[in-house]
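Respectively, the protein sequence lines represent chains A and B. At position 252 of the first sequence (counting the first as 1) the number is 242 in my numbering, and the numbers step up by one without a gap. At position 567 of the second sequence (counting the first as 1) the number is 557 in my numbering, and the numbers step up by one without a gap. Below: the structure, in structure tokens.
Protein chains: 2
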Amino acid sequence: METERADLLVRGAKVYNSYFKRFVTADVPVRGGKFLYIDSRRSGAVEADSTVDAEGLYMVPGLIDIHMHIESSMLTPGAFCRRLAECGVTTIVSEPHEMANVNGMQGVLDMIRAGENSPVDIFYGIPSCVPSTSPELETTGGIITCEDMEGLKENPWVACVGEVMNYRTIIRENQLEITRFLKGLREKDRMFPIEGHCPALLDLDLARFLYLGINGDHTEHSMEELEQRFANGMFMEIQEKMLRREVLDYIRAHGLEEHFCFVTDDVMADTFCTQGHLDALVRRAMELGMTAEQAVYNASFTPARRINLLDRGAIAPGKIADFLLLSDLDAFAVGATYKNGKCIWSRGEDRTGQGSMSRDGAERPGTERTGTERPGAEPDRDMHFPESYYHSIRLEFQEQSRFAVPMESDSGKVMVRVMEIQDGSTKTKETIRKMPVKDGFLQWEGSGCLLAAVFERYGGGQAVGYGLVTGDCHKQGAVATSYAHDCHNVLVAGANPADMKLALNRVIEMQGGMAVADGGKIQAELPLPVGGILSDRPAREVGEKLAGIRRAMTSQGYRHYNPIMSFCTLTLPASPALKLTDKGLIDVKACKIVPLKAE
Amino acid sequence: METERADLLVRGAKVYNSYFKRFVTADVPVRGGKFLYIDSRRSGAVEADSTVDAEGLYMVPGLIDIHMHIESSMLTPGAFCRRLAECGVTTIVSEPHEMANVNGMQGVLDMIRAGENSPVDIFYGIPSCVPSTSPELETTGGIITCEDMEGLKENPWVACVGEVMNYRTIIRENQLEITRFLKGLREKDRMFPIEGHCPALLDLDLARFLYLGINGDHTEHSMEELEQRFANGMFMEIQEKMLRREVLDYIRAHGLEEHFCFVTDDVMADTFCTQGHLDALVRRAMELGMTAEQAVYNASFTPARRINLLDRGAIAPGKIADFLLLSDLDAFAVGATYKNGKCIWSRGEDRTGQGSMSRDGAERPGTERTGTERPGAEPDRDMHFPESYYHSIRLEFQEQSRFAVPMESDSGKVMVRVMEIQDGSTKTKETIRKMPVKDGFLQWEGSGCLLAAVFERYGGGQAVGYGLVTGDCHKQGAVATSYAHDCHNVLVAGANPADMKLALNRVIEMQGGMAVADGGKIQAELPLPVGGILSDRPAREVGEKLAGIRRAMTSQGYRHYNPIMSFCTLTLPASPALKLTDKGLIDVKACKIVPLKAE
């Protein structure tokens, strides 16, 4: 046998085998960006141009996250993916429905273009619900039509239909445009994955949803909901909220490992920097008792298969040479990340070619990550979006009088609908409260409720929706954000009109972002000037500012495992029960606008 | 909830769940040819136009055979598939490389066309090795070029590249046309399955084969070969020869169930009628200790996923409603077969619409099948191939003198290469024998060897290759066949020239088929007038005649588990070790013609 040539030889690592779910010491030559051979005999049959000594290290496939949204990080795709390389994630499927809400099809295309120089592979889900409900219930900066969706499907980087969220409507009405699109798609393409979003659907309702060809779900479920999804052939995408011991035990007890994977869905910039990404879920699963061998399988092999990326997800001949070298398997500490057989990141060394991701020599960067981007570095070229994205908050500065809510009442009191925020969930509860009325205005100050207002910011007439908030939210000051799911109109909620005005106008002034005001001062702020939802700064800087917002909200009394997510989804009418858009209060289950005044 | 409508309701069966690998009693409504709901609560929420009472029956997905060749049955696609429905097989992936050898691309297209009215779904593999080696080593009636292959890939019924058989060549040379085709295919399509055929390949050689993107193998392996294939990400297709207890035990012990399926590869008409098809492998696996739940999974779910037919292979909402009703799970006795929610066969009743498959009321047709097609029924319309297929043996009648083999020898003796047939395998062994020479001719009669001759039959110059055969073959008379892998030139082998002439000329007279002669009489014959390889008669008739050939061969001393397969692969130079084509003896490993005379 003549000697074979390779580009790279990874020598002596304990190599993960995705089929036997075990590690085997081997030499692994890579040629043309693909694994050539897993030489467990260490025969020396292949010679390479360069060699990596990996004795004592663990070699696992690059992680694959098939359900996530880059925009949730509030980072541009370039900054996001450079941080991602440090977390050992080499392929993602991102659904840009936030930017689609801001700028329609052009927003999707600009997100794709902004990710073109990424060190990792970014595939895309087709945004299927923009707006999340309908233009009657919320105003967006753009909509995605079925023609847009059909056009996107032809893009070779498009891997699936992104989450179909209007599940209640879709199972009731069969003449919807989206339903026709899905049916047509399934007739033409039996393979194309269609991601679902169907919390709480059960029995015939769930079957109706699946019948349309929607075959994945990443939302949070009870055990009964989980069981029904598995039993009906839905591929389960387990995100952090679902990563519970009983879930993992159930999967193991029933041998369902091949039918699920881990996904991140939404990771914010601060936890991204401190905790990591899909690697954090792998670590969490191991803490919950899953073996490393099993966790790696569900973070690489099953997601690749689910999303039809059969060219990756395993270290085997002919697969794309995306892999990680780990110094410590139990800690899942990523020491180096390789994409297409080339090192794109290693501890203490920058290989991204971007000059902004050099790392300090932290002992366990897998569990405690603190970025060290060069201070004052300019935003990278590929972080840039067209200039128009920097002028997307089409709102005048507002007067304090905007927070006086007119209300008629003969008795001096009125029953009002209130959104009650509950820790542990992004769903709200509708509660009815009695509230004083004086001189034709609702006396909400000091009532135990915050006033919330959503200002339409796309220049379409400056609608404002008013609501009331109580529960585990902040108790003083005000918070404003233009990052507000999914429409990203400007939301402000506060305990007094002065702080509300201050926070709101600061967001307008920044042309997008988040601001917390209290006692007449801005306590924390994060500029998000790109479309009003993304920063153009590096991950660490954004992470630190976002952590500041989080701290300020907490110190004002917000008691929630994720106050930012809780606050930014107050405006999401696809999620129960009572939400607020620029059109007003939305009864989510009934899919309709309801007045502030109850009955 | 309003009442939902369905076309069909299957009530009360024990329904197989492919995800939990268990049976659950449920009502199953079907709408538009797809499963709508698996109602394990039996809520009555769906009303249907018609109902099947399936209380006490087992409902399992239709079986899926992803690696097989219709031509191996010697039946036309129509006749084949009607019998298939009785066996519970609802989807096949057939690779028509036999007809491609006979008539090139036109042969492939005519096979596809002839299957268009089939009651089951026929997908196709692209013949990738026609001829199996090269035109220097064997003469075919047609070749398949890479342009042909690219054209076929666009056909929506084409599901994979059929078995790449020239594995020794392909791993040594990287400038082959097929290699370029495979590389180009993989660059454009990361999903498309490529079937391999690589018995005995190991280590770096196996890796080289996989590196090209070839990712399935259905051939026979040692345990070491099996382990390496699994470990390197090859999907394993277990055919009857591999269906051994140690193989199933190994798979179970290592949790490799998701990475293999059952396939039939080649099923002949007689065993097809008496034993069944993929259902027979399910029964055999159960005899070897596999649970019914596991065997069904590997005969429906994993093959569907392997071949990217994600619209089927499970009884779940949205999947194509292909299913079987079984009265006896342990016997895997198929009582009725449904395709797209419609009954295409049930015991004692003909639903194929073809009028030729009514069944008698046998107690256990699953294990003992004897067809009762209407005697004298005309061949069905869709069994017909164009007239030219009926005149495909372009050979004159031959004289007995064709079996006198000229040979020079000074000593009156010569050392000759002999193909030794061994029971248990279709491979031959090369042995060297001393044989007398007299008057310039080899004295093969009475030598303990048969003379074999392959007559080129495509009108290209009437080449004849001569060889000698010994071992477990017949000891008297002669057998001739125009069904002779893969070129289907006419092979005759016998103990005396008179019977050889008789058998050969009978095959020529029938314009294709098999004939066994002994003592100057035809003992058995099977006409195969369609391209010289297929009958246009119903399965049972062909099965009975083929069984007659088998009996005649056995009574003439052929001692092999499958004498017909053994005999018909004597001409296959893709299978070790010494084979015979119209060009002469082929040393398979060296890929070259070698003389009859050794040294």
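Don't be surprised by glycine CBs; every beta carbon is placed ideally from N, CA and C. In this text the structure is predicted, and so the values were computed from the model without any measurement.
Endpoints, alpha helix (DSSP H) assigned at residue i
i         : result
Tyr240(B) : Arg235 to Ala243
Phe199(B) : Asp193 to Tyr201
Val36(B)  : Note, Val36(B): premise wrong, no alpha helix (DSSP H); beta strand (DSSP E) at Val36 to Asp43.
Glu398(A) : No alpha helix (DSSP H) contains Glu398(A), which DSSP labels as neither H nor E.
Gly105(A) : No alpha helix (DSSP H) contains Gly105(A), which DSSP labels as neither H nor E.
Residues sharing a beta bridge with residue i, DSSP
i         : result
Ile310(B) : Lys24(B)
Asn298(A) : Looking at the DSSP assignment, Asn298(A) forms no beta bridge with any residue, so it has no partner.
Glu410(B) : Lys419(B) and Thr460(B)
Asp476(A) : Per DSSP, none; premise fails for Asp476(A).
Trp434(A) : Per DSSP, none; premise fails for Trp434(A).
Val50(A)  : Leu314(A)
Arg591(A) : Outside the displayed range of chain A (-9 to 589) lies residue 591(A), so it cannot be described from this structure.
Arg12(A)  : Asn7(A)
Gly484(A) : Leu441(A) and Ala468(A)
Cys251(B) : Glu227(B)
Leu127(A) : DSSP, once it has assigned bridges, lists no residue as partnering Leu127(A).
Cβ distance (whole Å) where residue i is taken to contact residue j below 8 angstroms
i         : j         : result
Arg540(B) : Asp260(B) : 7 angstroms
Leu191(A) : Phe199(A) : 6 angstroms
Leu494(B) : Met64(B)  : Between Met64(B) and Leu494(B) the Cβ distance is about 19 angstroms, and since that is not below 8 angstroms, they are no contact.
Thr129(A) : Asn552(A) : That belief does not hold up - the Cβ atoms of Thr129(A) and Asn552(A) are roughly 26 angstroms apart, past 8 angstroms.
Asp111(B) : Thr66(B)  : At roughly 17 angstroms, the Cβ-Cβ gap does not stay under 8 angstroms, so Asp111(B) and Thr66(B) are not in contact.
Gly503(A) : Glu515(A) : 6 angstroms
Phe225(B) : Val272(B) : At roughly 19 angstroms, the Cβ-Cβ gap does not stay under 8 angstroms, so Phe225(B) and Val272(B) are not in contact.
Thr292(A) : Glu230(A) : Rounded, the Cβ-Cβ distance is 17 angstroms, inconsistent with contact.
Lys11(A)  : Gln452(A) : Between Gln452(A) and Lys11(A) the Cβ distance is about 58 angstroms, and since that is not below 8 angstroms, they are no contact.
His464(B) : Met555(B) : Not a contact, Cβ separation roughly 14 angstroms.
Asp413(A) : His267(A) : Not quite, the Cβ-Cβ distance comes to about 24 angstroms (not below 8 angstroms), so this is no contact.
Residue range of the beta strand (DSSP E) that includes residue i
i         : result
Gln513(B) : Lys511 to Pro517
Ser556(B) : Run containing Ser556(B): none in the beta strand (DSSP E); it sits in the alpha helix (DSSP H), Pro553 to Cys558.
Leu440(B) : Leu440 to Phe445
Gly325(A) : Ala323 to Lys329
Asn288(A) : Segment: none, Asn288(A) is in no beta strand (DSSP E) and carries neither H nor E.
Ala468(A) : Ala468 to Thr471
Ser84(A)  : Val79 to Ser84
Ser336(A) : Lys332 to Ser336
Asp138(B) : Counting along the chain, Asp138(B) falls outside any beta strand (DSSP E), though it belongs to the alpha helix (DSSP H) covering Cys136 to Lys143.
Ala507(B) : Gly503 to Asp508
Cβ pair residue i, residue j closer than 8 angstroms
i         : j          : result
Ala311(B) : Tyr287(B)  : no
Val79(B)  : Phe113(B)  : no
Gly223(B) : Ala507(A)  : no
Pro86(B)  : Met101(B)  : yes
Val0(B)   : Val42(B)   : yes
Pro19(B)  : Tyr27(B)   : yes
Thr159(A) : His187(A)  : no
Leu481(B) : Leu458(B)  : no
Val36(A)  : Ala(-4)(A) : yes
Ala443(B) : Gly455(B)  : yes
Cys477(B) : Asn156(B)  : no
Pro563(A) : Thr123(A)  : yes
Where the region 213 to 243 of chain B meets chain A: residues whose CB sits under 7 angstroms from a CB there: Cβ contacts with chain A: Phe220, Ala221, Asn222 and Gly223.
Proximal residues, the region 187 to 211 of chain A versus chain B, C-beta separation under 9 angstroms: If the cut-off is 9 angstroms between Cβ atoms, the region 187 to 211 of chain A has Asp193, Leu194, Asp195, Leu196, Ala197, Arg198, Phe199, Leu200, Tyr201, Leu202, Gly203, Ile204 and Asn205 near chain B.
Under 7 angstroms (Cβ pairs) to chain A, residues found in the region 275 to 302 of chain B: Going along the region 275 to 302 of chain B in chain order, one finds Asn298, Leu299, Leu300 and Asp301 with a Cβ nearer than 7 angstroms to chain A.
Members of the region 37 to 53 of chain B that neighbour chain A once the beta carbon cut-off is set at 7 angstroms: Going along the region 37 to 53 of chain B in chain order, one finds no residue with a Cβ nearer than 7 angstroms to chain A.
The region -3 to 10 of chain B: positions lying closer than 9 angstroms to chain A by Cβ: Within the region -3 to 10 of chain B, contact with chain A at the beta-carbon level (separation under 9 angstroms) is assigned to Asn7, Ser8, Tyr9 and Phe10.
Positions along the region 74 to 91 of chain A whose CB lies within less than 8 angstroms of some CB in chain B: Taking 8 angstroms as the Cβ-Cβ cut-off against chain B, none of the residues of the region 74 to 91 of chain A qualify.
Near-chain B residues of the region 56 to 68 of chain A - C-beta to any C-beta below 8 angstroms: For the region 56 to 68 of chain A, there are no residues whose beta carbon sits under 8 angstroms from a beta carbon of chain B.
Selection of the region 449 to 467 of chain A by Cβ proximity to chain B, strictly under 7 angstroms: Going along the region 449 to 467 of chain A in chain order, one finds no residue with a Cβ nearer than 7 angstroms to chain B.
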